[in-house]
Amino acid sequence: MSKVVVANDHGAVELTARIVDFLKSQGYDVNYLGIAENKSVDYPDMAKLACDEFKKGGYEFGILCCGTGIGISISANKIKGIRCALPQNCFAAQMAKEHNDANFIAFGGRIDYKDDVIDMIKAYIGTQASQDERHARRRAKMMALEK
Ligand code: RB5
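Residue numbers (my numbering): 41 to 187.
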């Protein structure tokens, strides 16, 4: 069974609950580390919790949510080895996997998306990372920026 780690802050409690339910309905083993009630927490702490867990290994990908998805994705991208995308729509979600091989995707619970977040997750899950040389080269350059 594929494992996914999920975390959120208070800005995305309902959205994250929907995401967790969807992932479980698809047979994913979900390690939910977020907050399920409207208790204020700091999104960098939630990003670190989920990314540190992901880096232990065995996870297919991770999902992070905050009010906008911005703070939690910026935080995740400060952590070595994490490529967290913040897709705006299904096309971007597909490209996040195909071109960037994002290992995390982030969403905003207070954002009015044109495409449903669940459809964006389906687009991401249903796409393979391109092994094309130019995409592999760009990913390697992206990760070299960590050094
Ligand atoms: C918390 O109020 C809010 O700032 C957070 O959820 C997120 O939107 C930050 O980027």
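We put the CB at the ideal spot given by N, CA and C, even for glycine.
Is it the case that the CB of residue 152 approaches a heavy atom of ligand 1 more closely than 7 Å? no
Looking at residue 149 and residue 77, is the spacing between their C-beta atoms short of 8 Å? no
Using the beta-carbon count (16 or more within 10 Å), is residue 160 buried or exposed? Classification for residue 160: buried.
DSSP three-state label for residue 104, please. strand
Classify residue 146 as helix, strand or coil using the three-state DSSP reduction. In the three-state DSSP reduction, residue 146 falls in the strand class (E or B).
Say the cut is 7 Å; is the CB of residue 106 nearer than that to a heavy atom of ligand 1? yes
Whole-number beta carbon distance between residue 151 and residue 108, since they are thought to touch under 8 Å: 6 Å
Between the Cα of residue 74 and the Cα atoms of 65, 68, 84 and 67, which residue gives the shortest distance? 84
Answer yes if the stretch 165-174 comes into contact with the stretch 117-128, meaning at least three C-beta pairs across the two stretches below 8 Å, and no otherwise. Segments in contact, no.
If you measure from the CB of residue 85, is any heavy atom of ligand 1 nearer than 7 Å? no
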